[in-house]
Structures are given as C-alpha cells and as structure tokens.
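For the sequence shown, this note's numbering gives the first residue as 1, with consecutive numbering after it.
Heads up, the beta-carbon is just placed ideally off N, CA and C, and yes, glycines get one too.
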Amino acid sequence: MIKIMGHMKLEICTDSMASAIIAEKGGANRIELCSGLVIGGLTPSYSLIEMCKNNLNIDINVLIRPRAGDFLYDEYEIETMIKDIEVCRKLGVNGIVVGVLDKNGKIDTELMRRLIASACKMEITFHRAIDMCDNLEAAIKELILLNVDRILTSGGEKNSMDGVKSIRRLVDISRGEIEVMAGGGIGAHNIKEIIKETGCHSIHMSAKECIQSDMIYRKKSVAMGIPGIMSEYEIYRSNLEEIKKTLSIVRELKEW
Numbered sequence: 001m002i003k004i005m006g007h008m009k010l011e012i013c014t015d016s017m018a019s020a021i022i023a024e025k026g027g028a029n030r031i032e033l034c035s036g037l038v039i040g041g042l043t044p045s046y047s048l049i050e051m052c053k054n055n056l057n058i059d060i061n062v063l064i065r066p067r068a069g070d071f072l073y074d075e076y077e078i079e080t081m082i083k084d085i086e087v088c089r090k091l092g093v094n095g096i097v098v099g100v101l102d103k104n105g106k107i108d109t110e111l112m113r114r115l116i117a118s119a120c121k122m123e124i125t126f127h128r129a130i131d132m133c134d135n136l137e138a139a140i141k142e143l144i145l146l147n148v149d150r151i152l153t154s155g156g157e158k159n160s161m162d163g164v165k166s167i168r169r170l171v172d173i174s175r176g177e178i179e180v181m182a183g184g185g186i187g188a189h190n191i192k193e194i195i196k197e198t199g200c201h202s203i204h205m206s207a208k209e210c211i212q213s214d215m216i217y218r219k220k221s222v223a224m225g226i227p228g229i230m231s232e233y234e235i236y237r238s239n240l241e242e243i244k245k246t247l248s249i250v251r252e253l254k255e256w
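Spelled out as structure tokens, the structure:
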C-alpha cells in the first residue's frame, strides 16, 4: 500500500522475499503476501511470513487460500485456514486476505464469521472471490454487514479495465463503509484511467515480470508441474521500475 497525497494507496502482491523487498524499495507500505502467484495465489509458508515480518518495515497482509480452484471449502480445508490465520496472528501481521463462497455463488457468511473471529483484530480483505459471485452488489452489502475492511475486485470481469463501470458502482454502494480496491491487470499503462473511471482510492497490482533462471544445466524433458503451464526455468518477480513508474503517474493526478 503506497499512500499518495494523504489517502491514495497501492498494494503490491508478492510471493517471494525478493519481490517483497522490491515492493518496499519501490515505495510500498503494504504487501499482500502469498505463494504460487501464477496460479492465483496460495497461503505462504510460516517461514516466508516470518522472514518478511523480520526484514520489512511495511504492513503485511497474508493470503489465506489452502488450494487452487474454487472458493467452496470442505471442513478439512476450513480447519487449515483457521490454523493459518492463527499463525498470522501469532506472527503479528497486519491482516489477512480471504474469500469464501457457497455452492450457489453467494458469500458464505457463516464461514466468514468463523474466519473473522479467528482473525481477532487483524484487518480483513475479501479477495477476488467476490468476482465469482452471482451478484456483486448483494455481495458487497453482505461484506459491509460483516464489518470486512475492504474488498479486492475487478468488477466481476477478467480484469479491472473491463470492469471499471462495475467497480464504480461498488464504490458508490460502499458509501465509505468498506474500502473498494481495484485489482486485476493494472499497471502503469492503465492506472490513470482506472483511477479516474472507478473513483477507487486503493489499487492492487503485482507488477510482476518473468525473469530467466540462473541455471546453466536445463533438463527440458522433465516438468515438475503441468507441462506447458510454466517452465521450471522462468521465475516471476515484482518489477521495481514498473512500481516506480506507476507511482509517478499517480502523483501527477493533481486531483488526488
């Protein structure tokens, strides 16, 4: 989260210590910490959370997501989420990022209450699971009643640029009772338009780039994951210059 002119914020999503350091160096004062960013993000390890907590001077919000796929969880997965939240509380992070739905595409309010209770005083961000809901406006009203701090959304579309009108509607509905943070496909190339069209005071981005591994010997006949999805010799990392460029553009928006 980068504060601009007193109230504008930019959150950087990171899945490694290297990216977290880049985010801080770029001017961020909050990151969303996860693992497996290329598959939508999963809960990071205890060690990574602890390392970030010990080495960064910025707020850390941790993603609570036990697996890839949908946001309908069984009791084993729910228990895992609760234990992961307890770890975050123990390590003293700023907040958690979570999202749970029922089988009909609505907010699972009962489960959200359990997770919020486990979080105690940590901040709660409801992530882009809201973009998978059957009714965004009904969903944000439910989250307001649950006293969630913010939502992260692309307006129910594949990216924020496509969802600007919907995000604007959610900002209007929120009436300041919940923070609406735009996210999904945002960068220096479109940050100005997204801010102006949505009225959001919070923006979320990964600013990631693909860099090549330093490995010299490369055995391309073996894949550790699903072949063709991602090479073992490609690493995604936050781009310092993209973060700085984005901030520079935002600072030029004098109305902010």
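How would you label THR246, buried or exposed, when you count the other beta carbons within 10 angstroms and need 16 or more for buried? buried
Would you grab the beta carbon distance between SER154 and GLY163 for me? Rounded to a whole angstrom, and I think it's under 8 Å. 5 Å
Please classify GLU209: does DSSP put it in a helix, a strand, or coil? strand
Assuming VAL62 and ILE82 make a contact with CB atoms under 8 Å, what is their CB distance in whole Å? About 14 Å; that fails the 8 Å criterion.
Proximity of GLU232 and GLN212 at Cβ, strictly below 8 Å: no
Spatial neighbours of ILE249 within its chain, please: CB distance less than 7 Å, with the 5 preceding and 5 following residues excluded, ordered by chain position. ALA188, ILE191, LYS192
For ASN94, which option in ILE85, LEU37, VAL180, TYR236 has the closest C-alpha, if you only look at C-alpha atoms? ILE85
Buried versus exposed, by CB contacts within 10 Å (16 or more), LEU145: exposed
Reduced DSSP secondary structure (H/G/I, E/B, other) of SER260: There is simply no residue 260 to check, as the chain begins at 1 and stops at 256 in what is shown.
Express the C-alpha separation of ASP134 and ALA207 in angstroms, rounding to a whole number. 29 Å
Whole beta strand (DSSP E) runs in the segment 71 to 106 with 3 or more residues, listed along the chain? 95 to 98
Boundaries (first-last residue) of the beta strand (DSSP E) holding TYR236: 234 to 238
Given that a residue counts as buried once 16 or more other Cβ atoms are within 10 Å of its Cβ, and exposed if not, what is ASP70? exposed
Same chain, Cβ closer than 8 Å to MET230, neighbours up to 5 away in sequence not counted: VAL38
Put VAL62 into one of helix, strand or coil per three-state DSSP. strand
Beta-carbon separation (whole angstroms), ALA18 vs LEU56, contact threshold 8 Å: About 12 Å separates the two Cβ atoms, so there is no contact after all.
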